[in-house]
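Written below as structure tokens is the structure these notes are about.
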Amino acid sequence: MSNHQKRLSVPNSWPVERKTEKYTVKAGAGPHGEDGVPLLVLLRDVLGYVDSKKEARYALNQDSILVNGDAISDERRPIGMFDIIAFTEREEYYRVFPDEGGRLALTPIDGDAAGSRLGKIDRKEQVTGGDFQLTLHDGTNIRVEDAGEYATNDSLVIDNDDKSIVAHFTYEEGALVTAVDGQHAGDIGEIDEIVVTQGSGSNTVYANNESGGFETVEEYVVVIDENFVDADSEFAAGSDAAAGADDADDAADDEAADEADDADEEADAE
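In this note's numbering, the protein residues as written are 5 to 274.
Here is the structure:
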């Protein structure tokens, strides 16, 4: 097996220039399969924090670069969707998020958000002893005693320290999702309809957003929450759309309160 990786043949998710040089670093064994981007590519080609593999190795040996809470010493360690990269000395934190065209991009986040990461449930099965095992998109296995509330295509937020489940997002109509592959990679919207395809074909997901929405296959969507979107997005907490919905709810509550007051006054008058 070759130890070299030609730039022209790297997966579409890798954020590298393909025609500047002939070769790039090859990803080592680890999570995310062939789509995993070597950590060196992010440190050197994306962030520009190092100029060479030697510098990357020196930096990693300081144990100040964490991936999902763990210090990493291998510059070829695959990095993929929703991983959390922390530079403790710089106090910089990034979430790996799909961008246009399916390329992985680094999204700056607060230190508080760097303590956990999102994972999509790819498989659920019962294991020896009666517990259930949930396998996430990056290969992480989570054991739970009762898996009744969890289903494939749901999303979990996992604590990076003890691997406990912090939050659970259900895959259903009305859920907020992002496309992570295909021509709509990077798009975010709310599921409007899930069309089940009979047979071996993929189910189709229709999502709506301020741009008119998009259609993609079920395998390409991941359920997220408003913490994963831009502050000016219609889906962000505190956005105009969300505020409008809150105003409507407040108006309805005020109207109901006024009607109750009127009813009390009529009762007193009688």
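In this text, a Cβ means the ideal position worked out from N, Cα and C, and glycines have one as well.
Enumerate in chain order the residues of its own chain whose CB-to-CB distance from residue i is below 6 Å, with the five nearest sequence positions on each side excluded.
i	result
HIS188	PHE218 and THR220
VAL199	THR208
HIS36	PRO82, GLY84 and ASP142
ALA148	Looking at the sequence shown, residue 148 is not Ala but Val. So the qualifying residues of the chain are PHE136.
ASN213	GLY193
ALA256	For ALA256, the predicted structure reports a pLDDT of 48, less than 50, and the residue's modelled location is therefore unreliable. A value from the coordinates is still provided. Cβ neighbours of ALA256 beyond the five flanking positions: none.
VAL170	SER120, VAL161 and ASP163
ASP67	ALA75
Between residue i and residue j, how many whole angstroms is the CB-CB distance? I'm expecting something under 8 Å.
i	j	result
ALA60	GLU79	4 Å
SER77	LEU64	5 Å
ILE125	TYR154	6 Å
ASN157	GLU230	That pair is no contact at about 19 Å.
VAL54	ARG48	5 Å
PHE173	VAL227	4 Å
GLY73	GLU95	At roughly 15 Å, the Cβ-Cβ gap does not stay under 8 Å, so GLY73 and GLU95 are not in contact.
Here's a check: name, in chain order, each residue in its chain whose Cβ is nearer than 8 Å to the Cβ of residue i, leaving out the five neighbours to either side.
i	result
THR201	ASN207 and THR208
GLU104	ALA189 and GLY190
PRO102	SER17, MET85, LEU108, ALA109, THR182, ALA183, VAL184, ASP185, ALA189 and GLY190
ILE113	ILE88, TYR97, TYR98 and ARG99
GLY178	GLU194 and ILE195
THR92	SER68, ILE69 and LEU70
LEU140	GLY123, LYS124, ILE125, ASP126, ILE146, LEU160 and ILE162
Is it right to say residue i is buried, meaning 16 or more other beta carbons lie within 10 angstroms of its own, or is it exposed?
i	result
ALA33	exposed
SER159	buried
TYR175	buried
ASP165	exposed
ASP39	buried
VAL71	buried
VAL131	exposed
ASP127	The question names Asp, but residue 127 in the sequence shown is Arg. Exposed.
TYR97	buried
ALA118	buried
VAL161	buried
GLY52	exposed
GLY152	exposed
TYR62	exposed
GLY106	buried
Tell me which same chain residues have a C-beta within less than 7 Å of the C-beta of residue i, skipping the five on either side of it?
i	result
ALA211	VAL181, GLY193, GLU194, ILE195, ASP196, GLY217 and PHE218
LEU44	VAL29, LYS57, ALA60, GLU79 and ARG80
TYR224	ALA183, VAL184, ASP185 and GLY186
ALA90	LEU70, TYR97 and ALA118
For chain D, is any of its Cβ atoms less than 8 Å away from the one on residue i?
i	result
THR132	Given the protein chain composition of this structure (a single chain), no chain D is represented.
Contact between the region 85–101 and the region 110–125: three or more CB pairs below 8 Å?
yes
Quick one: complete alpha helix (DSSP H) runs, 4+ long, within the region 53–140?
57–64
3 or more residues per run - each beta strand (DSSP E) lying fully within the region 152–226
159–163, 169–173, 180–183, 192–199, 208–212 and 218–221
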